[in-house]
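Residue 138 in numbering that gives the first Met the number 0 sits at position 139 of the sequence shown, and the numbers go up by one each step. By construction, the Cβ of each residue, glycine as well, lies at the ideal position given by its N, Cα and C atoms. Keep in mind the model is a prediction, meaning the values are calculated, not measured. Remarks on the structure that follows.
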Amino acid sequence: MGIPSVMVLPLLIVVAAGVYYIYNEVLQFMSKTLVRNKVVVITDAVSGAGAECAHLFHKAGARLILGGTTWDKLESLYDSLTTASDPRETFAPKLVILDFSDMDSMEDVVAEVMECYGYVDVLICNSSMKLKAPVHSVSLELDRNIMDINYFGPSSLAKGVLPAMMSRRSGHIILVNSIQGRLAIPFRGSYAASKHAAQAFFDCLRAEVEEYGIVVSTVSHTFINASEPPPAVEPAPKQNVITDYIARQLTHGVRPSVLANEILETVNRKRKEVVLAHPIPRVALYLRSLFPPFLFAVLAAGVKDSVLAEPMQ
């Protein structure tokens with residue numbers, strides 16, 4: 000007895016859903032085995048996304064080197080990792096004080112990282128400093144601090160681990176960047192500039208080290224909705240409806256756990272570029288490439304309207 004035609008489509012949907020589920024389960028299982036025994040460095044491991052990455056890679060059996068600016072927070076993360084796992088199947092993480100705002104310490108930090116195991120398989124550059132303020136209100140000192148944390152720090156650490164990767168002809172460097180490394184919006188000048196610089200550096204690095212078997216990836220996300228709100232040097236002017244909507248979409252971000260899973264998948268599949276964004280930011284990216292005058296006009300109109308809306312002093 001044949002299957003009624005009315006049942007064919009529902010059955011196909013069920014079968015497709017089953018195949019997709021099995022496919023995802025297989026990928027998740029492989030994800031845990033591919034990073035086992037790998038030496039993985041995570042900067043700013045005590046942040047929301049960093050801690051999620053630490054838990055994910057630790058459970059998968061990676062040899063973690065965790066960086067952070069304060070020892071107390073690193074020890075707290077260490078305790079949470081070791082108490083929640085089987086010591087027979089995991090490795091105790093190694094802790095390193097790492098503060099990109101102190102660039103004079105970077106040489107010692109690189110040496111300490113390399114002393115842990117003698118090499119690094121995966122470097123995850125996760126550190127970031129956010130800022131929302133009009134360009135004219137940001138001091139040069141603050142500009143430099145943002146550049147140190149968002150650009151010079153990750154690039155210096157990448158340079159530090161590169162020689163060992165090149166000699167072993169193996170390695171993976173991941174920049175956890177921001178979509179504002181590709182798309183700049185008003186009142187994020189210093190932050191967007193640092194993210195653009197980091198994006199360009201790692202794009203160049205990707206091409207330069209490919210012959211050594213080293214993979215360089217960038218993960219560009221919108222706002223991580225579990226992080227602290229960005230500091231403001233001076234209250235930003237109120238935006239008009241259009242620019243306010245774009246800004247909200249740009250900051251309608253991802254959860255740390257989602258970002259961490261995406262980073263793990265990026266390591267396992269050796270993907271070179273990942274964009275975690277909602278449709279509006281993606282459309283803005285296309286407009287930036289295909290119709291830049293239109294996007295510039297929209298952003299400029301928003302700023303102009305904001306200035307006009309300010310009360311008279």
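A straight-line Cα-Cα distance of about 25 Å links residue 217 and residue 111.
For residue 137, there is no enclosing alpha helix (DSSP H), as DSSP marks it with neither H nor E.
Taking C-beta atoms as the reference points, residue 48 and residue 279 fail to come closer than 7 Å. Around the beta-carbon of residue 203, fewer than 16 other beta-carbon atoms lie within 10 Å, marking it exposed. Within 10 angstroms of the beta-carbon of residue 13 lie fewer than 16 other beta-carbons, which makes it exposed. Taking residue 36 as the centre and dropping the five residues before and after it, the same chain places the C-beta of 60, 62 closer than 7 Å to its C-beta, in chain order. Annotation: the stretch 127-201 contains the following complete segments of the alpha helix (DSSP H) (minimum length 4 residues), in chain order: 139-146, 152-167. Collapsing the DSSP output to three states places residue 287 in a helix. 195 is the residue among 33, 195, 205, 206 whose C-alpha sits nearest the C-alpha of residue 151. Note on geometry: alpha-carbon atoms of residue 215 and residue 38 lie some 16 Å from one another. For residue 93, the enclosing beta strand (DSSP E) stretches over residues 93-96.
Rounded to whole angstroms, residue 169 and residue 283 show a C-alpha spacing of 36 Å. Here residue 99 is buried: its Cβ has 16 or more other Cβ atoms, across all protein chains shown, within 10 Å. For residue 220, DSSP records a beta bridge to 177, 275.
Of the residues assessed, residue 107 falls on the exposed side of the cut-off, its CB having fewer than 16 other CB atoms within 10 angstroms. Exposure of residue 138 is indicated by the presence of fewer than 16 other C-beta atoms within 10 angstroms of its C-beta.
In the DSSP assignment, residue 268 falls within the unbroken alpha helix (DSSP H) covering 255-268. A direct Cα-Cα distance of roughly 37 Å separates residue 43 from residue 296. In the structure shown, the three-state DSSP call for residue 67 is strand.
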